[in-house]
Each structure stands twice: as structure tokens, then as C-alpha cells.
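Asks: Before I ask anything, here is the structure I am working with.
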Amino acid sequence: MSNDSPIIYLHEINRTYHQGGNTLTILKQAELAVWAGQLVALVAPSGAGKSTLLHIAGMLEHQDSGEVYINETPTSGLSDAERTRIRRMDIGFIYQAHRLLPEFTAVENVMLPQMVRGLGKLEARTRAAELLAYLGLKDRLTHRPSELSGGEQQRVAIARAVANAPRVLLADEPTGNLDPHTADHVFNALTQLVKATGLAAIIATHNLELAARMDRRVTIRDGVVMEYEDLDRVA
Ligand code: ADP
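Here the sequence shown is numbered in my numbering, starting from 133 and rising by one per residue.
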């Protein structure tokens, strides 16, 4: 693969929902390419289609037409098993609420996706402990989610999302539940990780300060993904 190819490329994505006799066009020929080490802020009003775009990018939902390329591989024709494999290996997802398993410790929550992938317990624990230490949680390994602060829970969720060394990181309002100071801290951890590991990250956020610190800002207008710079031009 050449260095010039995007890690993830959404091409001519169309998505409509049919609800009570109405047709809602959410994405219309949407285009978005993200390269390694790049953080893209997805900033758009509620209902604009951010979650829909992230779910399609993460192969959690099917587009009506168009293609999602991951590392230049078109994914729409893949079997469910192959899509699941790519989702497990190449894509990390972070949600607004951490969704950690409450009965497991921090380190166990980060071990689980690795063990689902087939890694041995020892290897999974070593990587989980390294990742949590990297995210400043060296002394929180055996805490359960309820024994962690909001910012710590979200950093565990970040560690879990990248446990299998994915190429793509998708985040839906990852700092939305945090106070500004903690949001800043979690965002710094996220940025450091993206830069260090060459992830391609799409981060939906309402936080304009954080968006300003990312590499690019895009929005969704009438189903079309637009760069902020182009938005200024048509405004
Ligand atoms: P955002 O994340 O930007 O708030 P979403 O992608 O969640 O927006 O939703 C975009 C629009 O699509 C909303 O108007 C929502 O009501 C609608 N929508 C989302 N999912 C469905 C669904 N499964 N069926 C019908 N309409 C949906």
C-alpha cells in the first residue's frame, strides 16, 4: 500500500431511513477520506447524521449504496464473518458512555477484546497493562469501572478501543459526559495515541475548542460531508 492512500475512505455513501411513510435522506453521495495519524473532527447539529456516518464507517450498519474502503479494501461485498473480522482487527470504537463491563476490572476490560481475537491471557494482560500505563492509569489496573472517575473510565474505554491495534478509530462524543478539564485530559491522551500509532481517527464532537485542535474539521450538510474550509466558501 502506498503512503498516499487513506486508511479509511467513504465513497459515494447513500443512506436513507423510511419512517412512517416518510423518506429521510441522511447521507447523499457522502465522501470522506482519512489518512494515518490524522484526527478529523465531525461537527454537525444533532440529527445531521454523525452517528449514521460513524456506524457505516465502522461497519456496524450497511449503507444503501456506495463503498467503505479500509486500507484500500472495498468492504461492501464482504461476508458477515469477514466484516466482523475487520471490525475486530482494524476498527476501534469509543462511545459517549464508556460501556465498560462493570463486573470486570480496568485491565480485564482491555484484555477481553484481545482474547476474543484469540490472544492468550498473559499476552493480553501485558498489552492491556502497557496501554493503561501509557494512558496514565498504571495504578488503576485492578479497579472496577465504578471505582474510577469519569475521565479514568473513558481512558479505559480508549485503551479497550485500541487494544487490538486497529488502523481506524471512530468516536461518538467521547468527551461529551466529561467536565472541560477532564475532557481536555482525555482528548490529549487520545491525540497522543493517534499520533504515536498512526491511527486514522474520526471524532464526532460538539466541543468546538477540541475540534479546533484536530487536524481537520468536517460537517454534514444536507447529507453531504463538507470540510469547514469549503463551507466558508459556499456560505
Ligand atoms: P446525529 O448523530 O448527527 O445526531 P444520527 O445519525 O443519529 O444523527 O441520525 C440522523 C437522522 O436519522 C435523525 O433524524 C434520526 O432520527 C434518523 N435515524 C437514525 N437512525 C434511524 C433509524 N434506524 N430509523 C429511522 N430513522 C433513523
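Just so it is clear, CB atoms sit at the ideal spot from N, CA and C, and this is done for glycine as well.
Would you call the region 284-298 and the region 239-259 touching, i.e. three or more CB-CB distances under 8 Å?
Replies: At 8 Å Cβ cutoff, the stretches touch.
Asks: Would you say the beta carbon of residue 149 is closer than 6 Å to some non-hydrogen atom of the ligand ADP?
Replies: Locating residue 149 in the sequence shown gives position 17, where the first residue counts as 1. Checking the Cβ of residue 149 against the ligand ADP gives yes.
Asks: Terminal residues of the continuous beta strand (DSSP E) containing residue 343?
Replies: Against the sequence shown, residue 343 aligns to sequence position 211. Unbroken run through residue 343 is the alpha helix (DSSP H), 340-344; no beta strand (DSSP E).
Asks: Using a threshold of 6 Å, is the CB atom of residue 307 nearer than that to any non-hydrogen atom of the ligand ADP?
Replies: Working through the sequence shown from its first residue, we reach residue 307 at position 175. Checking the Cβ of residue 307 against the ligand ADP gives no.
Asks: From residue 229 to residue 284, what does the alpha carbon distance come to, in whole angstroms?
Replies: Within the sequence shown, residue 229 is the residue found at index 97, counting from 1. Within the sequence shown, residue 284 is the residue found at index 152, counting from 1. Taking the straight line from one Cα to the other gives about 12 Å.
Asks: State the DSSP-derived secondary structure class of residue 298, mapped to helix, strand or coil.
Replies: To locate residue 298, count along the sequence shown from 1; it is residue 166. Of the three classes helix, strand and coil, the one that applies to residue 298 here is coil, per DSSP.
Asks: Could you name the residues of the same chain whose beta carbon sits closer than 7 Å to that of residue 151, not counting the 5 residues immediately before and after it, in chain order?
Replies: Locating residue 151 in the sequence shown gives position 19, where the first residue counts as 1. For residue 151, where only same-chain residues beyond five positions count, there are no Cβ hits under 7 Å.
Asks: Using DSSP with H/G/I as helix, E/B as strand and the rest coil, what is residue 319?
Replies: As a first step, residue 319 is located in the sequence shown; it is residue number 187 there, counting from the start. Residue 319 falls in the helix class under three-state DSSP.
Asks: In chain order, which continuous runs of the beta strand (DSSP E) of length 3 or greater are located wholly inside the region 207-287?
Replies: Fully enclosed beta strand (DSSP E) runs of 3 or longer: 223-226.
Asks: Tell me whether residue 339 is buried or exposed, calling it buried when 16 or more other Cβ atoms sit within 10 Å of its Cβ.
Replies: Locating residue 339 in the sequence shown gives position 207, where the first residue counts as 1. Classification for residue 339: buried.
Asks: Specify whether the region 332-346 and the region 302-309 touch according to this definition: at least 3 beta carbon pairs, one from each stretch, less than 8 Å apart.
Replies: Yes, the region 332-346 is in contact with the region 302-309.
Asks: Three or more C-beta pairs under 8 Å: does that hold for the region 222-241 against the region 274-284?
Replies: With the cut-off at 8 Å, the region 222-241 and the region 274-284 touch.
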